[in-house]
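Quick notes on the structure that follows.
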Amino acid sequence: MYVHVDINRWYVIVPRRSLRQIQDFVRLCIRTAQSMQMHISEPT
């Protein structure tokens with residue numbers, strides 16, 4: 002059985018040169034989670 006948890010606090014550590022790609026990836030994760038009735042907050 003599938004059970005989800007909301008992700009309220011998390012961190013992304015990447016080199017500055019990868020910042021744009023990571024921002025796109027984070028937005029994709031958040032949008033995808035919403036389609037599964039799951040909540041992912043912006044990383045801190």
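Every letter in the sequence shown is one number past the one before it in my numbering, and letter 8, counting from 1, is 9.
C-beta: ideal position from N, C-alpha, C; glycine also.
Here the structure is a predicted model, which means the values were calculated and not measured.
In the DSSP annotation of this structure, Ile41 is not part of any alpha helix (DSSP H), being labelled neither H nor E. For Ile8, the secondary structure class from DSSP, reduced to helix, strand or coil, is strand. Assignment of Val27 by DSSP, reduced to helix, strand and coil, places it in the helix class. Across the structure, Ser19 and Trp11 are spaced so that their CA atoms are roughly 18 angstroms apart.
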